[in-house]
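Going down the list, the sequences are from chains A and B. Numbers in this note's numbering are just positions in the first sequence, counted from 1, shifted up by 32. Numbers in this note's numbering are just positions in the second sequence, counted from 1, shifted up by 32. Heads up, the beta-carbon is just placed ideally off N, CA and C, and yes, glycines get one too. Since the model is a prediction, treat every value here as computed from it, not as a measurement.
Number of protein chains: 2
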Amino acid sequence: MTVELIAVGTELLLGNIVNTNAAYLAQQCADLGLSCYYQTVVGDNEGRLMQTLQTALSRSDIVILSGGLGPTQDDLTKEVAARVMGKELQMDAHSRKRLQEYFTRRKIEMTDNNWKQAMVPVGAIVLDNENGTAPGIIMESDDKRVILLPGPPGELVPMFESVVRPYLSRMEPGVIYSQTVKLCGIGESKAETMVADLIAGQDNPTIAPYAKPGEVHLRITARAPGEKEAKKMIKPVVKELKNRFGMNVYTTDTEVTLEQAVVNLLLANHLTVTTAESCTGGLLSAMLTSVPGVSEVFKSGQVTYSNKAKHKLLGVKKPSLDKYGAVSENVAKQMAKGAALSTKADVAVAVTGIAGPDGGSAHKPVGLVYIACSVRGKVKVKEYNFSGNRRKVRENSVTAALTLMRQCILEYYSETTFR
Amino acid sequence: MTVELIAVGTELLLGNIVNTNAAYLAQQCADLGLSCYYQTVVGDNEGRLMQTLQTALSRSDIVILSGGLGPTQDDLTKEVAARVMGKELQMDAHSRKRLQEYFTRRKIEMTDNNWKQAMVPVGAIVLDNENGTAPGIIMESDDKRVILLPGPPGELVPMFESVVRPYLSRMEPGVIYSQTVKLCGIGESKAETMVADLIAGQDNPTIAPYAKPGEVHLRITARAPGEKEAKKMIKPVVKELKNRFGMNVYTTDTEVTLEQAVVNLLLANHLTVTTAESCTGGLLSAMLTSVPGVSEVFKSGQVTYSNKAKHKLLGVKKPSLDKYGAVSENVAKQMAKGAALSTKADVAVAVTGIAGPDGGSAHKPVGLVYIACSVRGKVKVKEYNFSGNRRKVRENSVTAALTLMRQCILEYYSETTFR
Numbered sequence: 033m034t035v036e037l038i039a040v041g042t043e044l045l046l047g048n049i050v051n052t053n054a055a056y057l058a059q060q061c062a063d064l065g066l067s068c069y070y071q072t073v074v075g076d077n078e079g080r081l082m083q084t085l086q087t088a089l090s091r092s093d094i095v096i097l098s099g100g101l102g103p104t105q106d107d108l109t110k111e112v113a114a115r116v117m118g119k120e121l122q123m124d125a126h127s128r129k130r131l132q133e134y135f136t137r138r139k140i141e142m143t144d145n146n147w148k149q150a151m152v153p154v155g156a157i158v159l160d161n162e163n164g165t166a167p168g169i170i171m172e173s174d175d176k177r178v179i180l181l182p183g184p185p186g187e188l189v190p191m192f193e194s195v196v197r198p199y200l201s202r203m204e205p206g207v208i209y210s211q212t213v214k215l216c217g218i219g220e221s222k223a224e225t226m227v228a229d230l231i232a233g234q235d236n237p238t239i240a241p242y243a244k245p246g247e248v249h250l251r252i253t254a255r256a257p258g259e260k261e262a263k264k265m266i267k268p269v270v271k272e273l274k275n276r277f278g279m280n281v282y283t284t285d286t287e288v289t290l291e292q293a294v295v296n297l298l299l300a301n302h303l304t305v306t307t308a309e310s311c312t313g314g315l316l317s318a319m320l321t322s323v324p325g326v327s328e329v330f331k332s333g334q335v336t337y338s339n340k341a342k343h344k345l346l347g348v349k350k351p352s353l354d355k356y357g358a359v360s361e362n363v364a365k366q367m368a369k370g371a372a373l374s375t376k377a378d379v380a381v382a383v384t385g386i387a388g389p390d391g392g393s394a395h396k397p398v399g400l401v402y403i404a405c406s407v408r409g410k411v412k413v414k415e416y417n418f419s420g421n422r423r424k425v426r427e428n429s430v431t432a433a434l435t436l437m438r439q440c441i442l443e444y445y446s447e448t449t450f451r
Numbered sequence: 033m034t035v036e037l038i039a040v041g042t043e044l045l046l047g048n049i050v051n052t053n054a055a056y057l058a059q060q061c062a063d064l065g066l067s068c069y070y071q072t073v074v075g076d077n078e079g080r081l082m083q084t085l086q087t088a089l090s091r092s093d094i095v096i097l098s099g100g101l102g103p104t105q106d107d108l109t110k111e112v113a114a115r116v117m118g119k120e121l122q123m124d125a126h127s128r129k130r131l132q133e134y135f136t137r138r139k140i141e142m143t144d145n146n147w148k149q150a151m152v153p154v155g156a157i158v159l160d161n162e163n164g165t166a167p168g169i170i171m172e173s174d175d176k177r178v179i180l181l182p183g184p185p186g187e188l189v190p191m192f193e194s195v196v197r198p199y200l201s202r203m204e205p206g207v208i209y210s211q212t213v214k215l216c217g218i219g220e221s222k223a224e225t226m227v228a229d230l231i232a233g234q235d236n237p238t239i240a241p242y243a244k245p246g247e248v249h250l251r252i253t254a255r256a257p258g259e260k261e262a263k264k265m266i267k268p269v270v271k272e273l274k275n276r277f278g279m280n281v282y283t284t285d286t287e288v289t290l291e292q293a294v295v296n297l298l299l300a301n302h303l304t305v306t307t308a309e310s311c312t313g314g315l316l317s318a319m320l321t322s323v324p325g326v327s328e329v330f331k332s333g334q335v336t337y338s339n340k341a342k343h344k345l346l347g348v349k350k351p352s353l354d355k356y357g358a359v360s361e362n363v364a365k366q367m368a369k370g371a372a373l374s375t376k377a378d379v380a381v382a383v384t385g386i387a388g389p390d391g392g393s394a395h396k397p398v399g400l401v402y403i404a405c406s407v408r409g410k411v412k413v414k415e416y417n418f419s420g421n422r423r424k425v426r427e428n429s430v431t432a433a434l435t436l437m438r439q440c441i442l443e444y445y446s447e448t449t450f451r
C-alpha cells in the first residue's frame, strides 16, 4: 500500500519552521511497510489544497495531512478534505464536550471560533487530542483513507503513536517489526564500519543506522507473517550487535532513551544523584527529571553559573578558579566532589565549559567542556571538544554527561575500566 | 514571480533526514519577494521526478531542485531536468578540471563514475561548488528557470548565498518584508478575535497569526518596490497591534525570543535573577541560560525536587509542606522568597507542580502548577492548569514562568497591576 504526506501551513512555505512532522511520519510509515513516494507542503489556500489532495488521492492509497485544524479562519484542512471526500461536517457532541472541559480546566475564556474544532465529517473516526484542542480525523471510502492530524509535533506524535499507528498496522497483511539497539560513547562512522559486513548482505531483517547527537541507533526491521516470527528473526541480530558493541549498548528497547537508561541504572543500584551545572545551565537536570519516577533518586541539583556560586555552593577553591579557570579539569572535579558532599548523593555529575558564542580564546576555544562524575567518592573527569553553536555544545554536553555517568556507575560495580 | 521547491532523495521519503533545505530555501525566497506555493519531496525515480518537475513548471516561474546531483547511478536529477527542458548534456571542461583538482588536493583516488558530475546541459549556467564535487546548474527558457543545487546543506547554502541569491534578486523588482509582533499571556483564539477585523479586509500588508506553546506571533508582511517602502507600510500596523495588545506584546523584533526578552528586561534594569524549580527540574534555568550574555544577571539556580531539598535549600517550612503540600500557592511563595533570600538575587522565580504521569489526585490533578515570582520582596503567585503529557506540562510551565517574570518586573516599575 502507498501513503502520501501533505503538510499544510504558510509558516512551512515561508520557511519559518522546519517540517519535522514529515520526517517523523515518513519513518513511521516506512516502519509499517507502507511505501511513500511523495511529500508535499502547501499553504492554507482552499484551491491549492484541494488540488493537492485530489492529486495525492489519485496516486496513493492513504493520504496523511497535518496542520490547519485549528480554530482560526486560516485553518481549512478539515473543510477541504471533507469536501474532496464528499462528506458534510456536523457537530460532534463528544469533541464539543472535550473542548469545553479543556477550557474550563485551564480557566481560559473560550472564544466562539473554537467550536469549529468540534465539527467533524459525517461518518469519520474522531481521534481525541490529549495535548491540544483540535481532534484528529480519519475518513474512509471504498479504497482510500484520508487522515488529518494536528500540526504541532507535541500533538501529532502522541496521536499518531496511540491511534494512527495501530490503525495503519492493521491495513497491511503480515507485520513489520522493529527493534533498536542503542549505542552511546561511539561515533557514527566507527559504528557503521563495525556493521558494514552485516549491512552489505542484508535482506530480511535489515539493519539501518541512525545518528543522534552523541548516540547511534541501529534499527533492525523484519517482515514476517506474524509478530512472533518477526521477533524470532530479530533476536540473533540483536545478540550479534551486543557481542560487537559490548558496553556501548545502553539498551535494546526501542522505547528507552539514554536518560531513562541512566535513571534505570540509578534506581536498580539504589543510587541517589545530584547535578552541578555551569554551561548547561540546568539542561542536564531537566533531562534527568524528564524521566517519570526520577524523584526516587534525584532530590536536588544546582546551577552554579558564576565563579562565586561555584565557590559558595560547591566549595570550589578560589585559588583553583584563579589558577586553572572555571573551565578546567581541576574545577570540574571539585564541583562534582562538592556537590556530592553538600547533598550526600551517591552520584554527582558536574559540567563546566564554554558554550559560546563569546568567552572562547585560542587556549580555551568555544566547545571546550569538562565533565566530572563522582560515584561514592571515586571521581572521573573527561575533556570534550564539541563543535557547533551554543545550543549544539550544550546538547552534546548533556549527552556526554549521561554517557559518562553510565560508564562510571558500571565501572564502579564491575571494577573494570573501559573507554 | 512564483518559485517552487523540489527536494530529491529517498532518505527524505524514508524519514532518515529532515528537510532543512526546504526551510532554508523557502525563507530565502520569501525574503526575495518570490511567492512559494508548493514544496515537494520525491525519490530518485525517473518517472516520478519527471512528472513532478513538469507539474511544477506548469504552475511556477522558477523551480529549485535540490539533491540527486552526485556520482552514483541513483543520482538522476540533472539528466531528468535536462530532458524536461529539452537540453543535451555535454562535458564541461571547466568543471572537469575542478573535479580533477578536488581529488588531487584531497589525495583521493577518483573513480570513473565521478566524471558524470562534469556533464552539464548545453547553454546552462554552471555554478562552481566550493564545498563538494557536484556543480550547480541554472537552465533558462523563455519564461521558466530551473535551478539545480547539491543536496548536502553544507554545499547548498554557500552556493545559494554566493550565486543563486544574487541571480534571483535581479529577477523580481520588488521586495517582501516581514516583521513579527510577539505576544505572551494571551491565547491564540482570543488574539485572533482581537485582530479579526484587520485580517478580514487585508491585502497588503497582511497579518498572519501563529501559535507557539504559551505564545502567539503575529507576522506582518508587506510587498513594496523597496525595503524602505515596505517598512513604512508595516509601521502603522505594528503601532495598531501594540495599541490593541498593550503589555501582552513582548517584542516587535522577529529575532527576539521570550526568554531573550526577559533576559533583556533583567539586563536593562540591572536585576539579578535566580530560579527554584521543582516540576520543571532545571528546564527554566536551561531556557534562561540559552541566552548568550545571561551570566551578567543569572548567577545560580536550584532544582529542589524533594520536600527535604525545598526545606533545606530554600527554607520552606516543614509544617507548610505537611499542611498545604509541595504543590500549593503557599509553598510556591516560600520557595521564591527563600531563593531570593539565600542568593540575594533581585528576582526569584519558583515553580512547583504535578507534571505527571503519576502523582495526580482528584483534588490536585496532573497539570496543576503554581508559579511564584518575587521582585525585590514583592511576591506574586499564580495557579495554572495545563493539559497534556509530562513534556507539555513542563514546557508550558516554563513559558508561563517567563511570562509571569516579565509581568512582575513591569508591574514593579510601573506600579500598575495588569492581568
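DSSP three-state assignment for residue i, whether helix, strand or coil
i: Arg451 of chain B; result: Below a pLDDT of 50, predicted positions are generally treated as unreliable, and Arg451 of chain B, at 45, falls in that range; the measurement from the model is reported next regardless. Residue state, collapsed to three classes: coil.
i: Ile218 of chain A; result: coil
i: Leu442 of chain B; result: helix
i: Lys414 of chain A; result: strand
i: Met437 of chain A; result: helix
i: Val158 of chain A; result: strand
i: Tyr199 of chain A; result: helix
i: Lys331 of chain A; result: strand
i: Thr375 of chain B; result: helix
i: Val295 of chain A; result: helix
i: Glu309 of chain B; result: strand
i: Ser67 of chain B; result: strand
i: Ser360 of chain B; result: coil
i: Ser406 of chain A; result: strand
i: Val207 of chain B; result: strand
Integer Cβ distance of residue i from residue j, believed to fall under 8 Å
i: Tyr70 of chain B; j: Val74 of chain A; result: 6 Å
i: Val305 of chain B; j: Val411 of chain B; result: Actually they do not touch by this definition, with Cβ atoms about 14 Å apart.
i: Thr375 of chain A; j: Ser332 of chain A; result: 6 Å
i: Gly314 of chain A; j: Gly347 of chain B; result: Contact flag wrong, Cβ pair sits at about 21 Å.
i: Val383 of chain A; j: Val401 of chain A; result: 7 Å
i: Met82 of chain B; j: Val112 of chain B; result: 5 Å
Strand pairing of residue i, partner residues [DSSP]
i: Thr72 of chain B; result: A:Thr72, B:Ile38
i: Met123 of chain B; result: B:Met151
i: Leu17 of chain B; result: Limits of chain B in this structure are 33 at one end and 451 at the other, which puts residue 17 of chain B out of reach.
i: Arg458 of chain B; result: The displayed coordinates of chain B run from 33 to 451. Any statement about residue 458 of chain B would go beyond what the structure contains.
i: Gly385 of chain A; result: A:Val401
i: Met171 of chain B; result: B:Val178
i: Ser393 of chain B; result: DSSP output for Ser393 of chain B lists no bridge partner at all.
i: Thr283 of chain A; result: A:Lys214
i: Thr336 of chain A; result: B:Ser332
Burial state of residue i (16 or more Cβ within 10 Å)
i: Tyr444 of chain B; result: buried
i: Glu133 of chain A; result: exposed
i: Gln292 of chain A; result: buried
i: Met123 of chain A; result: exposed
i: Asp175 of chain A; result: exposed
i: Gln149 of chain A; result: buried
Neighbouring residues, chain B, relative to residue i (Cβ below 9 Å)
i: Lys260 of chain A; result: Chain B residues near Lys260 of chain A: none, gap ~26 Å exceeds 9 Å.
i: Gln105 of chain A; result: Glu224, Ala228, Ile231, Ala232
i: Thr143 of chain A; result: Gly219, Ser221, Lys222, Glu224, Thr225
i: Gly186 of chain A; result: Pro245, Gly420, Asn421, Arg423, Lys424, Glu427
Partner residues on chain B for residue i, Cβ-Cβ distance less than 8 Å
i: Gln334 of chain A; result: Ser332, Gly333, Gln334, Val335
Chain-ordered chain A contacts of residue i [CB-CB under 8 Å]
i: Pro475 of chain B; result: No information on residue 475 of chain B is available, as it lies outside the stretch 33 to 451 that chain B covers here.
i: Tyr56 of chain B; result: Gly47
Interface partners of residue i on chain B, CB under 7 Å
i: Tyr4 of chain A; result: The structure shown has nothing for residue 4 of chain A, since chain A only spans 33 to 451.
i: Asn417 of chain A; result: Ordered by position in chain B, no residue passes the 7 Å Cβ test against Asn417 of chain A, which lies about 20 Å from the chain.
Interface residues of chain A facing residue i [CB-CB closer than 9 Å]
i: Lys470 of chain B; result: Residue 470 of chain B cannot be examined here, being either before or after the span of chain B that is shown, 33 to 451.
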